[in-house]
Amino acid sequence: MLLKNKKVLVTGAAGFIGSHLTERLVELGSRVKAFVRYNSKNNWGWLETSPVKDQIEVYQGDVRDFDAVYNAMLDVDVVFHLAALIGIPYSYVSPLAYIKTNVEGTYNVLQAARQLNIEKVVITSTSETYGTAQYVPIDEKHPLVGQSPYSASKIAADQLAISYFRSFSLPVTIARPFNTYGPRQSARAIIPTVITQILAGQKKIKLGNLYPTRDFNYVKDTVEGFIKIAESDNTLGEVINIGSNYEISMQKTVDLIIELIGEEVEIISDKQRIRPEKSEVERLWCDNTKILKLTDWRPRYNIREGLLETINWFKDNLKFYKPEIYNI
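UniProt numbering puts the first residue of the sequence shown at 1, with every later residue one more than the last.
Structure below.
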């Protein structure tokens, strides 16, 4: 199924990955409807400055509201469900908010899709659902472990989606991206927090635990993974990792960013940025065999190339960030 000329809804379209996906779908010739969270200022998040702003239909609502979700999905062919609460630290503060948004919000999308006979629904998962790797690289058969309220809510949402495929034959696929980075990412994440602090002129940058390893993926590769998963006829009812199959430690990632920017800085350990001991996911390394087999997707960016593009974007857009403030 090609997405050209399809009516496509993207929930969470105003956010980091959602805005990039929205733009790519427009490039492919899809008729895109962007579901953004209602606010009285009529602000469309990252879509406010997007080059495709005038080529999309924007629907304002709340993913926790079934009526809003149902109305947004009228006359839609394909749904990419990205709307979620994603900040792990805040999930320690308000677990219920994550249940309502991530679980109930996903239910609303699934139920509306069932009632409206949507052609395909792609649910966004996260590698955090695996917890610390019990074996590497991590394939889709790896056990799911809720090491934070955030990851637990995403596990619940994923299982609900699978149940709708098995119970009602809903055409659902779960895309499970590993750690995505790039332009527009929240400074709560490790890569943008390092970049913004250095670009703001800080000589002592505050960071959390640098021992864990991750499989980082540039946002353009992640978005292309979503699209290839949606277009493939072989992905229905499947959970599919999106990752580079390249493992790197937080420390080495930080060192590479410092090298690329070319500034000398001192790293300070900040306790408020460190997860509870049993909640820290120590190791994530993606086995991407399945997506390579089921689609023609291939990662295009290595870590150095992706970081260079990301750094250059932040140089031009630092005004949107407050590097001196850590916000969970």
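For every residue, glycine included, the Cβ atom is placed at its ideal position computed from N, Cα and C.
Supposed close pair residue i, residue j - CB separation, criterion 8 Å
| i | j | result |
| --- | --- | --- |
| F216 | T253 | 7 Å |
| I17 | T222 | 6 Å |
| T310 | P183 | 6 Å |
| A14 | G45 | 3 Å |
| I248 | R214 | 7 Å |
| S91 | Y38 | With 8 Å as the limit, S91 and Y38 do not qualify as a contact, their Cβ atoms being about 23 Å apart. |
| K2 | E231 | Checking the sequence, you will find Leu at residue 2 rather than Lys. Contact flag correct, Cβ pair sits at about 6 Å. |
| S209 | I138 | The amino acid at residue 209 is misidentified as Ser; the sequence shows Asn. About 19 Å; that fails the 8 Å criterion. |
Nonlocal neighbours in the same chain, by C-beta distance under 7 Å from residue i, ignoring five residues either side
| i | result |
| --- | --- |
| K203 | V265, E266 |
| Y107 | L160 |
| Q272 | Y326 |
| T180 | I17, N217, V219, T222 |
| residue 355 | This structure cannot speak to residue 355, because the chain is shown only from 1 to 328. |
| A113 | M73, V79, V121, L170 |
Neighbourhood of residue i by C-beta distance below 8 Å, restricted to the same chain and skipping five residues each side
| i | result |
| --- | --- |
| L308 | L260 |
| K33 | K7, V8, L9, V10, I56, E57, V58, Y59, A72, V76 |
| Q147 | E128, G131, T132, K278, S279, E280, V281 |
| P47 | The sequence shown places Leu at residue 47, rather than the Pro named in the question. Hits under 8 Å: A13, A14, S19, T22, A34, V36, K53, I56, V58. |
| T235 | T173, I229, L294, T295 |
| I195 | I257, I261, T310, I311, F314 |
| P276 | Y92 |
| I198 | I205, I257, I258, I261, E263, V265 |
| D255 | none |
| K322 | A187 |
DSSP state of residue i mapped onto helix, strand, coil
| i | result |
| --- | --- |
| Q185 | coil |
| L170 | coil |
| A112 | helix |
| F216 | coil |
| I325 | coil |
| K228 | helix |
| Q210 | Reading the sequence as shown, one finds Leu at residue 210 and not Gln. DSSP places L210 in coil when its eight states are reduced to three. |
| L21 | helix |
| T235 | coil |
Proximal residues to residue i (C-beta, below 6 Å), its chain only, five neighbours per side dropped
| i | result |
| --- | --- |
| A156 | V103 |
| G237 | F165 |
| Y301 | Y218, D221 |
| D158 | S125, I174 |
| P171 | K120, L236 |
Below 8 Å, how does it come out for the region 183–192 and the region 133–144: are there three or more Cβ pairs, yes or no? No contact exists between the region 183–192 and the region 133–144.
Jot down the residue ranges of each uninterrupted beta strand (DSSP E) in the region 107–167, minimum 3 residues, whole runs only, in chain order. With a minimum length of 3 residues, the continuous beta strand (DSSP E) runs that stay inside the region 107–167 are 120–124.
For the 8 Å Cβ check, are there 3 or more pairs between the region 237–248 and the region 172–186? Yes, since at least three Cβ pairs between the region 237–248 and the region 172–186 fall closer than 8 Å, the two stretches touch.
Every unbroken alpha helix (DSSP H) within the region 242–320, with a cutoff of 4 residues, ordered by chain: Qualifying alpha helix (DSSP H) stretches, in chain order: 250–261, 289–294, 303–317.
Which complete alpha helix (DSSP H) runs does the region 43–114 hold, if anything under 4 residues is left out? Counting only runs of 4 or more, we get 66–72, 88–93, 95–98.
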